[in-house]
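Undergrad: One structure, pasted below without further comment.
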Ligand code: SAM
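In my numbering, the protein residues as written are 309 to 766.
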């Protein structure tokens, strides 16, 4: 692996950089695989992925290293959203949030650059049930994979949006926390993806730094006074890392947040050139993970006149009590939700979100909110796939536990051949995790797995 010499030269004076060790770890060809379990779906510790004594990712309560990379595609529990395959260093976001934010209170948190959803699924796992995560991706073609991963994660307190950072200025002083996992030059992932080396250039680093400033400048007005901004990249370049910290401190009234880091973790604390921002670097020769950078700030109270909160009203199509009664048997704690209709479908959202939703709807383009339950047709719910993989589904819904082979047949959208003595909608589960609906008919079983998500390889 030929690392760009200009990158190596640019890192020479940065704390923690050791040229020899850095080059060696890139040459070694070693690959690290790590996953983060979904605490919203872990019903027991019987998951196959959990069978051996897995090594813990030390800075994340749900993160584990796997001894080798299995075929995730051929694991039904992967499709059921019981875990997310995530690079270990970036799981440090959990520590950063836990050390800087009071998570016992309900908060509104924005993950601005969210696709494919690694940071968002992590955030959802640590916020309270009364907190809202807005998971945003500006690039239209990347919103689908984000929506898929959020759907599989199964939580009801997430809204997926497709907006440009500056659109969030319609929600001034709105968020308690904003996470900006910025698009960057990507040098931190060279070990995982050597092809990325060909796209790296000093010029691209400079362009990325400009874009990062633009994104941050656009989003800052929507952070509350006293709110926390977390900025991260997977680049080693100071221009995209510490220098962005310095720029932020000059351009905005923010204070840098120092984190407690266990020395054994191998994470390097640096201080930005102007001496103000405490930054955290992950070098793959020092941590068990890839290259990563993270820094946190608190927005100071400003004397700015706060804009009036809009009182947007939007006529949402509500359900009548008869329709709600049809839905309730499908849901766990049905009284905790409110329901809206979208086209033919009914969507469940946490009841505390009812007052908040009109402002969000009038400000942002919502791709998905809460959990889609399905359509009510002739006094019957035609259940949506989102409900099957959600964690609001009623445990007493008719279900059928299947082995791995059958689960994979189902996920390939093949015909399922099982003897059943019941008829109607049945939730298929594997290791107790919902994977989707089947409908048992008189002489066949219909497979309702979403066509666009089906497994294509054998
Ligand atoms: N946070 C994601 C995760 O953990 O799975 C990874 C995010 S990736 C590092 C950066 C994201 O920023 C990409 O999804 C990219 O499409 C998005 N992006 C690109 N240009 C952007 C811009 N101008 N403003 C905001 N986001 C942008």
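Just so it is clear, CB atoms sit at the ideal spot from N, CA and C, and this is done for glycine as well.
1) Could you tell me the alpha carbon to alpha carbon distance between residue 641 and residue 675, rounded to whole angstroms?
2) With residue 426 as the anchor, note down where its alpha helix (DSSP H) starts and where it stops.
3) If we ignore side chains and look at the alpha-carbon of each, how far apart do residue 743 and residue 711 end up?
4) What do you reckon, is the C-beta of residue 414 under 6 Å from a heavy atom of the ligand FMN?
5) For the alpha helix (DSSP H) containing residue 553, name the first residue and the last one.
6) For residue 460, count neighbouring C-beta atoms within 10 Å of its own C-beta (all shown protein chains included) and say buried if the count is 16 or more, exposed if not.
7) With a Cβ-Cβ cutoff of 7 Å, do residue 399 and residue 365 count as a contact?
8) Given that a residue counts as buried once 16 or more other Cβ atoms are within 10 Å of its Cβ, and exposed if not, what is residue 651?
9) In whole angstroms, what is the alpha-carbon distance linking residue 348 and residue 713?
10) Per DSSP, residue 341 is paired with what?
11) Do residue 424 and the ligand SAM come close, with the Cβ less than 6 Å from some heavy atom?
12) Is there contact here, the stretch 654-671 with the stretch 436-444, by at least three beta-carbon pairs under 8 Å?
13) Output needed for residue 329: all residues of its chain with C-beta closer than 6 Å, excluding positions within five of it in sequence on either side, in chain order.
14) Please state if the CB of residue 564 and the CB of residue 586 are separated by a distance shorter than 7 Å.
15) Should residue 499 be labelled buried (16 or more other beta-carbon atoms within 10 Å of its own) or exposed?
16) Could you check how far apart the C-beta atoms of residue 340 and residue 596 are, in whole angstroms? I think they sit under 8 Å.
17) What is the rounded straight-line gap between the Cα of residue 603 and the Cα of residue 388?
18) Report yes if the CB atom of residue 532 is closer than 7 Å to the CB atom of residue 481, and no otherwise.
19) Excluding the 5 residues flanking residue 382 on each side, which residues of the same chain have their C-beta closer than 7 Å to its C-beta?
20) What are the partner residues of residue 738, as DSSP defines its beta bridges?
21) Could you compute how far the alpha carbon of residue 667 sits from the alpha carbon of residue 478?
22) When the Cα of residue 511 is compared with those of 747, 314, 725 and 759, which residue comes out closest?
23) Given a cut-off of 7 Å, decide if residue 541 and residue 490 are closer than it, judged by their beta-carbon atoms.
24) Name the DSSP bridge partner or partners of residue 587?
25) Give a yes or no on contact between the stretch 733-742 and the stretch 701-709, applying the rule of three or more CB pairs nearer than 8 Å.
26) Rounded to the nearest angstrom, what separates residue 369 and residue 395 at their Cα positions?
27) Per DSSP, which one or two residues make a beta bridge with residue 625?
28) Assuming residue 564 is part of the alpha helix (DSSP H), what are its boundary residues?
29) Assuming the contact rule is C-beta atoms closer than 8 Å, residue 638 and residue 689 should be a hit. Round their C-beta distance to whole Å, please.
30) Among residues of its own chain, excluding the 5 on either side of residue 418, which ones have a beta-carbon nearer than 6 Å to its beta-carbon?
31) Does the distance from the CB of residue 391 to the CB of residue 346 come in under 7 Å?
32) Look at the alpha carbon of residue 466 and the alpha carbon of residue 496, and state the distance between them as a whole number of angstroms.
33) With distances taken from CA atoms, which of 574, 747, 445 and 567 is nearest residue 708?
34) Which residue spans inside the stretch 396-467 form an unbroken beta strand (DSSP E) run of at least 3?
35) Candidates 686, 724 and 741: which alpha carbon is nearest residue 752's?
TA: Result, derived from the coordinates:
1) On the chain shown, residue 641 is found 333 positions in, with the first residue counted as 1. On the chain shown, residue 675 is found 367 positions in, with the first residue counted as 1. Each residue's Cα considered, the two are about 25 Å apart.
2) In the chain shown, residue 426 corresponds to position 118, counting from 1. Note, residue 426: alpha helix (DSSP H), 426-434.
3) Taking the chain shown and counting its residues from 1, the one referred to as residue 743 is at position 435. Taking the chain shown and counting its residues from 1, the one referred to as residue 711 is at position 403. C-alpha separation (whole angstroms): 12 Å.
4) No copy of the ligand FMN occurs in the structure displayed; its ligands are the ligand SAM alone.
5) As a working note, residue 553 is residue 245 in the chain shown. Segment 550-559, the alpha helix (DSSP H) holding residue 553.
6) The residue labelled residue 460 in the question sits at position 152 within the chain shown. Answer is buried; the Cβ neighbour count reaches 16.
7) Numbered from its first residue, the chain shown carries residue 399 at position 91. Numbered from its first residue, the chain shown carries residue 365 at position 57. A contact, by the Cβ cut-off of 7 Å.
8) As a working note, residue 651 is residue 343 in the chain shown. Looking at its Cβ environment, which holds fewer than 16 other Cβ atoms inside 10 Å, residue 651 is exposed.
9) Translated into positions along the chain shown, residue 348 becomes position 40. Translated into positions along the chain shown, residue 713 becomes position 405. Each residue's Cα considered, the two are about 25 Å apart.
10) In the chain shown, the residue the question calls residue 341 occupies position 33. Residue 341 pairs with 374.
11) For the purposes of this step, residue 424 is taken as residue 116 along the chain shown, with counting starting at 1. Result yes, Cβ under 6 Å from the ligand SAM.
12) yes
13) Working through the chain shown from its first residue, we reach residue 329 at position 21. Cβ neighbours of residue 329 beyond the five flanking positions: 593.
14) As a first step, residue 586 is located in the chain shown; it is residue number 278 there, counting from the start. As a first step, residue 564 is located in the chain shown; it is residue number 256 there, counting from the start. Yes, the pair counts as a contact, with Cβ atoms nearer than the cut-off.
15) Within the chain shown, residue 499 is the residue found at index 191, counting from 1. Flag for residue 499 reads buried.
16) Residue numbering aside, residue 340 sits at position 32 when the chain shown is read from its first letter. Residue numbering aside, residue 596 sits at position 288 when the chain shown is read from its first letter. Rounded, the Cβ-Cβ distance is 6 Å, consistent with contact.
17) The sequence position of residue 603 within the chain shown is 295, counting from 1. The sequence position of residue 388 within the chain shown is 80, counting from 1. For residue 603 and residue 388, the distance between alpha carbons rounds to 33 Å.
18) Translated into the one-based positions of the chain shown, residue 532 becomes position 224. Translated into the one-based positions of the chain shown, residue 481 becomes position 173. Yes, the pair counts as a contact, with Cβ atoms nearer than the cut-off.
19) The residue labelled residue 382 in the question sits at position 74 within the chain shown. So the list reads 716, once near-sequence residues are dropped.
20) In the chain shown, the residue the question calls residue 738 occupies position 430. In DSSP, residue 738 forms a bridge with 741.
21) Mapped onto the chain shown, residue 667 falls at position 359. Mapped onto the chain shown, residue 478 falls at position 170. Looking at the two C-alpha atoms, the distance is approximately 9 Å.
22) Counting from 1 along the chain shown, the entry for residue 511 is found at position 203. Ranking 747, 314, 725 and 759 by Cα distance to residue 511 puts 314 first.
23) For this step, residue 490 is matched to residue 182 along the chain shown. For this step, residue 541 is matched to residue 233 along the chain shown. Against a cut-off of 7 Å, the Cβ pair of residue 541 and residue 490 comes out as a contact.
24) Counting from one through the chain shown, the residue named residue 587 turns up at place 279. Beta-bridge pairing links residue 587 to 578 and 603.
25) yes
26) Position 61 of the chain shown, counting from 1, holds the residue named residue 369. Position 87 of the chain shown, counting from 1, holds the residue named residue 395. Taking the straight line from one Cα to the other gives about 14 Å.
27) Within the chain shown, the letter at position 317 stands for residue 625. Answer by DSSP bridge pairing, in chain order: 649.
28) Position 256 of the chain shown, counted from the first residue, corresponds to residue 564. Here residue 564 belongs to no alpha helix (DSSP H); instead the beta strand (DSSP E) covers 562-565.
29) The residue you call residue 638 lines up with position 330 of the chain shown. The residue you call residue 689 lines up with position 381 of the chain shown. Sure, about 6 Å apart at Cβ, within 8 Å.
30) Locating residue 418 in the chain shown gives position 110, where the first residue counts as 1. Contacts found: 442, 483 and 486.
31) In the chain shown, counting from the first residue as 1, residue 391 sits at position 83. In the chain shown, counting from the first residue as 1, residue 346 sits at position 38. For residue 391 and residue 346, yes; Cβs fall inside 7 Å.
32) Translated into the one-based positions of the chain shown, residue 466 becomes position 158. Translated into the one-based positions of the chain shown, residue 496 becomes position 188. Roughly 29 Å between the two C-alpha positions.
33) Counted from its first residue, the chain shown places residue 708 at position 400. The shortest C-alpha separation from residue 708 is found at 747.
34) 416-419 and 440-444
35) In the chain shown, the residue the question calls residue 752 occupies position 444. The residue with the shortest Cα to Cα distance from residue 752 is 724.
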